[in-house]
Amino acid sequence: MTDIETRPVTDKKDYDDLVSALSRVGAAWARYGLGVARMSVEAGAASLEATATALDVVSQRLGKLSDEPKS
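Every number in our numbering is 1189 more than the matching position in the sequence shown, counting from 1.
Shown next as structure tokens:
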């Protein structure tokens, strides 16, 4: 494992660079999380659409049964 040198941030430029780097990392993670959330919502919507279609098919079949003449 390599040794990493750490030191306190005392210089304004170093501080600004650190804040900027952390902001970019945070924005990248936020973008990733939003992308995953989008895919999850899309998958849920597709599942709901399939369920709605199945319910419509059942409804139509029940409608045909109720419209048949009784013997």
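Positions of the beta carbon are idealized from the N, C-alpha and C atoms, including for glycine. This structure is a prediction, so every number in the text was calculated from the model and none was measured.
One alpha carbon belongs to aspartate 1256, the other to glutamate 1231, and they sit about 37 Å apart. Boundaries cannot be given for threonine 1191, as no alpha helix (DSSP H) includes it and DSSP labels it neither H nor E. Taking the Cβ atoms as the reference, valine 1214 lies roughly 11 Å from leucine 1207, outside the contact range of under 8 Å.
Glycine 1224 and leucine 1251 have their C-alpha atoms some 41 Å from each other. Per DSSP, glutamate 1238 is one residue of the alpha helix (DSSP H) stretching across 1201-1256.
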